[in-house]
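Residue numbering for the sequence shown follows this note's numbering, starting at 889 and increasing by one per position. Idealized CB from N, CA, C, for every residue including glycine. Notes follow the structure.
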Amino acid sequence: MRIKVPMTTADLGPGVDSLGLALNRYLTVEVGPLATDWHVEHNLGATIPSDDTNYIVAVATKLAPDLQPHSLTVQSEIPLQSGLGSSTAALVAGIELANQLGNLQLDDYTKLVLATRTEGHPGHVLPAILGGATVGYFAQGELYASGVVVPDYRVLIYKPTESLTHARAMVNGPAATMLLAAWQNGQVALAGRLIEATEVTTPALERVRQATHALDIYGTYLADTRGTVMVLVPADMVTDLTDVLGHMDDLTGTYEVVEIAPQGLVVE
């Protein structure tokens, strides 16, 4: 059995922690045979536990305390501490591990609520489980969620070499409503300007934004408090943008282009 959870982004300007996108990079948990103790083989580095204190296992055994130990193999394409949902993916994988091994028969809504209660907001949780573009609201223990229509975007992720801690953008209800309407009506430039309407910035964001604006691309934002820059790029503009970024010698970080993943959590 294999559990797959996509990478996510949820700091989309005024929709921070409410709007989210699933992206086609994955955390994969392969469930091996029964074992005397939990053992997790993974590619996440020496600081991540390989025993029953591993977060995925801890989530699963908290939800289903009588689970029998198994050997697990975890492979992640999601960078840690980058605002791209690595902890959410592990949380969702742990819930699904308990669901499968404990035969809990949880429906998607229950999984969503369990994960959102842990995270405190639905921004990363909804796309991780449902896929695509999502919007949600969580209050007084109730979760309200829906899919969202977005343009034909690709997402460029730029990781600067420097790590700068900064404040997060704040939720802006009217602007978030306008953003949803702009997407619904295919107003790509307006949607991008709304995403960029925040005072939070970094030198890397400003340089990437200069490049995007030169091409009339709008929709750059910060994925986390450490400076990961995200760009929502119309599919037909990806090559032009990467060509421009490739000639900006002062951008010494790394970037990759990913797609919106239409499907969230899957069990194979």
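* Asked: In chain order, which beta strand (DSSP E) runs of at least 3 residues are fully inside the stretch 1028–1113?
  -> DSSP runs (the beta strand (DSSP E)) wholly in the stretch 1028–1113: 1030–1035, 1041–1047, 1108–1110.
* Which residues bound the beta strand (DSSP E) around Leu909? -> Looking at the DSSP string, the run of the beta strand (DSSP E) that includes Leu909 is 907–922.
* Would you kindly work out how many angstroms separate the C-alpha atoms of Met1125 and Gly1011, rounded to a whole number? => Going from the Cα of Met1125 to the Cα of Gly1011 covers about 27 angstroms.
* **Backbone CA spacing between Arg1005 and Asp899 [nearest angstrom]** => Taking C-alpha positions only, Arg1005 is separated from Asp899 by approximately 19 angstroms.
* **Check whether Trp1071 and Pro1122 have beta carbons under 8 angstroms apart** => Their beta carbons are not under 8 angstroms apart, which means Trp1071 does not touch Pro1122 by this criterion.
* Assign Gln956 to one of three DSSP states: helix, strand, or coil. => DSSP, read as helix, strand or coil, puts Gln956 in coil.
* Contacting residues, own chain, Cβ-Cβ under 8 angstroms from Asp925 (five flanking each side not counted) -> Closer than 8 angstroms at the Cβ level, and outside the excluded window around Asp925, lie Asp939, Asp940, Pro957.
* Asked: Between Gly1024 and Pro1150, is the Cβ-Cβ spacing less than 8 angstroms?
  -> It is not a contact, given that the beta carbons lie outside the stated cut-off.
* What residue does the alpha helix (DSSP H) around Leu989 start on, and which one ends it? -> Unbroken alpha helix (DSSP H) run through Leu989: 974–989.
* To do: Buried or exposed for Thr1090, please, with buried defined as at least 16 other CB atoms from any protein chain shown within 10 angstroms of its CB.
  => Counting every other CB atom within 10 Å of its CB across the protein chains shown gives Thr1090 a total of 16 or more, marking it as buried.
* **Three-state secondary structure assigned by DSSP to Gly901** => The three-state reading of DSSP puts Gly901 in helix, counting H, G and I together.
* Asked: Is it the case that the CB of Arg913 approaches a heavy atom of the ligand SAM more closely than 7 angstroms?
  -> The ligand content of the structure shown is nil, which means the ligand SAM is not present either.
* Asked: Does the Cβ-Cβ distance between Gly920 and Ser959 come in under 8 angstroms?
  -> Taking 8 angstroms as the Cβ cut-off, Gly920 and Ser959 qualify as a contacting pair.
* Asked: Count the other CB atoms within 10 Å of the CB of Thr1108; is the residue buried (16 or more) or exposed (fewer)?
  -> Within 10 angstroms of the beta-carbon of Thr1108 lie 16 or more other beta-carbons, which makes it buried.
* So, helix, strand or coil for Ile1017, using DSSP? -> In the structure shown, Ile1017 adopts helical secondary structure according to DSSP, grouped into three states.
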